[in-house]
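Counting from 22, one number per residue, gives the positions in the sequence shown under the numbering used here. Backbone N, C-alpha and C fix where the C-beta goes; we use that ideal spot for every residue, glycine too. Since the structure is predicted, the reported quantities are computational estimates derived from the model, not experimental observations.
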Amino acid sequence: MKDKRILYVSSEVVPYLPETEISSMSFEAPRLVNQQGGQIRIFMPRYGNINERRHQLHEVIRLSGINLVINDLDMPLIIKVASIPKERIQVYFIDNDEYFKRKATLTDEDGNLFGDNDERAIFFAKGVIETVKKLNWSPDIIHVHGWLASLLPIYLKEYYKDEPLFTDSKIVTSVYNQSFNNTLNNDMFNKVKFDNLNEDAIKVLEEPSYVNLMKIAIDYSDALIVGSENIPKDLETYLKASNKPVLEYKSKDEFGEAYKTFFNTSVLS
Numbered sequence: 022m023k024d025k026r027i028l029y030v031s032s033e034v035v036p037y038l039p040e041t042e043i044s045s046m047s048f049e050a051p052r053l054v055n056q057q058g059g060q061i062r063i064f065m066p067r068y069g070n071i072n073e074r075r076h077q078l079h080e081v082i083r084l085s086g087i088n089l090v091i092n093d094l095d096m097p098l099i100i101k102v103a104s105i106p107k108e109r110i111q112v113y114f115i116d117n118d119e120y121f122k123r124k125a126t127l128t129d130e131d132g133n134l135f136g137d138n139d140e141r142a143i144f145f146a147k148g149v150i151e152t153v154k155k156l157n158w159s160p161d162i163i164h165v166h167g168w169l170a171s172l173l174p175i176y177l178k179e180y181y182k183d184e185p186l187f188t189d190s191k192i193v194t195s196v197y198n199q200s201f202n203n204t205l206n207n208d209m210f211n212k213v214k215f216d217n218l219n220e221d222a223i224k225v226l227e228e229p230s231y232v233n234l235m236k237i238a239i240d241y242s243d244a245l246i247v248g249s250e251n252i253p254k255d256l257e258t259y260l261k262a263s264n265k266p267v268l269e270y271k272s273k274d275e276f277g278e279a280y281k282t283f284f285n286t287s288v289l290s
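Here it is, written out as structure tokens:
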């Protein structure tokens, strides 16, 4: 992976949030590429329960300050950055007071999904792409982790389809078992439709379930990785029917060589 540019976009990353399958792999995968001489960038949301002082986050003024339109409302984008100790890895944080100030990630203290998670997902996808544009950094691969990041593939290939920075970028999405019950806001379809995305492609968002969000990510990815030993049967079937390169599940102990081979032979070839 030497000199390859890989953009990691994840809903959660260790050490900023507790260890889960997603947060762990969103750290281990870029660390491996970094050690092999690849160039990496990591993006995640700046949830309010991330301790900014302990992790030494600071705002990057030159990247902040633009407004993103979400469902016809202007929402200011704030970009913060921190370095993972000992790894020489920079992590960029997508922030906005309305969406990410609360002291929690995706659910309230009773485990209920936040009512604006749909808008947070749209904001996160647009925020990442706009920031990478400002960095003028063209990735060879964009690796997506977690359902909050699942709109990035469709926004990149529809909303930003004329952006030359991403013309040759390949999108890889990891599909995990880390899902949610019920659905996101029932008006999500109209909020995404507002951005003039392919209406046939987003029709499944009339029921914005975990499986349907991931189906859109699969549709707009170039290759896929099974990130959990067991994933929902619907997604298993959908992956098989996608006719796209799929890397089956690899444990944390064995993923390194498998990911490298998959990227070189199935994604970049």
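Q | Expected contact under 8 Å - CB spacing of L196 and I105 to nearest Å | A | The residue labelled residue 196 in the question sits at position 175 within the sequence shown. The residue labelled residue 105 in the question sits at position 84 within the sequence shown. Note that residue 196 is Val in the sequence shown, not Leu. Their Cβ separation, rounded to whole angstroms, is 25 Å, which puts V196 and I105 out of contact at 8 Å.
Q. Terminal residues of the continuous alpha helix (DSSP H) containing T152?
A. The residue you call residue 152 lines up with position 131 of the sequence shown. Counting along the chain, the alpha helix (DSSP H) containing T152 begins and ends at N138 to L156.
Q. For A142, is the classification buried or exposed, using 16 other Cβ atoms within 10 angstroms of its Cβ as the cut-off for buried?
A. Along the sequence shown, one-based indexing puts residue 142 at 121. Buried: at least 16 other Cβ atoms inside 10 Å.
Q. Would you call the stretch 219-238 and the stretch 272-279 touching, i.e. three or more CB-CB distances under 8 Å?
A. no
(Q) Let me make sure I understand the geometry here. Which of S45, M22, Y180 and N55 has the alpha-carbon closest to that of R109? (A) On the sequence shown, position 88 is the one that residue 109 refers to. Ranked by Cα distance from R109, the options S45, M22, Y180 and N55 are led by N55.
Q: Determine the contact status of R26 and S159, defining contact as a CB-CB distance below 8 Å.
A: Residue mapping note: residue 26 aligns to position 5 of the sequence shown, counting from 1. Residue mapping note: residue 159 aligns to position 138 of the sequence shown, counting from 1. Contact: yes.
Q: Tell whether a beta-carbon distance below 8 Å holds between I175 and L218.
A: On the sequence shown, residue 175 is found 154 positions in, with the first residue counted as 1. On the sequence shown, residue 218 is found 197 positions in, with the first residue counted as 1. In contact: I175 and L218 (Cβ atoms closer than 8 Å).
Q) Do L98 and G167 have their C-beta atoms within less than 8 Å of each other? A) If you number the sequence shown from 1, residue 98 lands on position 77. If you number the sequence shown from 1, residue 167 lands on position 146. Not closer than 8 Å, so no.
Q. From Y231 to T204, what distance separates their C-alpha atoms?
A. Numbered from 1 along the sequence shown, position 210 holds the residue referred to as residue 231. Numbered from 1 along the sequence shown, position 183 holds the residue referred to as residue 204. Each residue's Cα considered, the two are about 7 Å apart.
Q) For V112 versus I192, is the C-beta distance shorter than 8 Å? A) Mapped onto the sequence shown, residue 112 falls at position 91. Mapped onto the sequence shown, residue 192 falls at position 171. Not in contact: V112 and I192 (Cβ atoms no closer than 8 Å).
Q. Can D24 and G69 be called in contact, C-beta distance under 8 Å?
A. Reading the sequence shown from its first residue, position 3 is the one you call residue 24. Reading the sequence shown from its first residue, position 48 is the one you call residue 69. No Cβ-Cβ contact shorter than 8 Å links D24 with G69.
Q. In terms of residue numbering, what span does the alpha helix (DSSP H) encompassing F215 cover?
A. Walking along the sequence shown from the start, residue 215 turns up at place 194. Premise fails: F215 is in no alpha helix (DSSP H) and is neither H nor E.
Q) For N207, is the classification buried or exposed, using 16 other Cβ atoms within 10 angstroms of its Cβ as the cut-off for buried? A) Reading the sequence shown from its first residue, position 186 is the one you call residue 207. When all chains shown are included, N207 counts as exposed.
Q: In the DSSP assignment, find the alpha helix (DSSP H) that holds Y197 and state where it starts and stops.
A: Counting from 1 along the sequence shown, the entry for residue 197 is found at position 176. Run containing Y197: none; DSSP gives neither H nor E here.
Q) Considering only C-alpha positions, which residue in the set I91, K261, S249 and I115 is nearest to V102? A) Sequence index remark: in the sequence shown, residue 102 carries index 81 (1-based). Restricting attention to I91, K261, S249 and I115, the CA atom closest to the CA of V102 is found in I115.
Q | Where F127 falls: helix, strand or coil (DSSP) | A | Looking up residue 127 in the sequence shown gives position 106. Per the sequence shown, the amino acid found at residue 127 is Leu instead of Phe. Coil, per DSSP.
Q: If I'm right that Y280 touches A50 with Cβ under 8 Å, what's the distance once you round it to whole angstroms?
A: Counting from 1 along the sequence shown, the entry for residue 280 is found at position 259. Counting from 1 along the sequence shown, the entry for residue 50 is found at position 29. 6 Å between Cβ atoms; contact.
Q: Using 10 angstroms around the beta-carbon of T194, count the other beta-carbons present and answer buried if the total reaches 16, otherwise exposed.
A: Numbered from its first residue, the sequence shown carries residue 194 at position 173. It counts as buried.
Q: Classify V90 as buried or exposed, calling it buried when 16 or more other Cβ atoms lie within 10 Å of its own Cβ.
A: On the sequence shown, residue 90 is found 69 positions in, with the first residue counted as 1. Looking at its Cβ environment, which holds fewer than 16 other Cβ atoms inside 10 Å, V90 is exposed.
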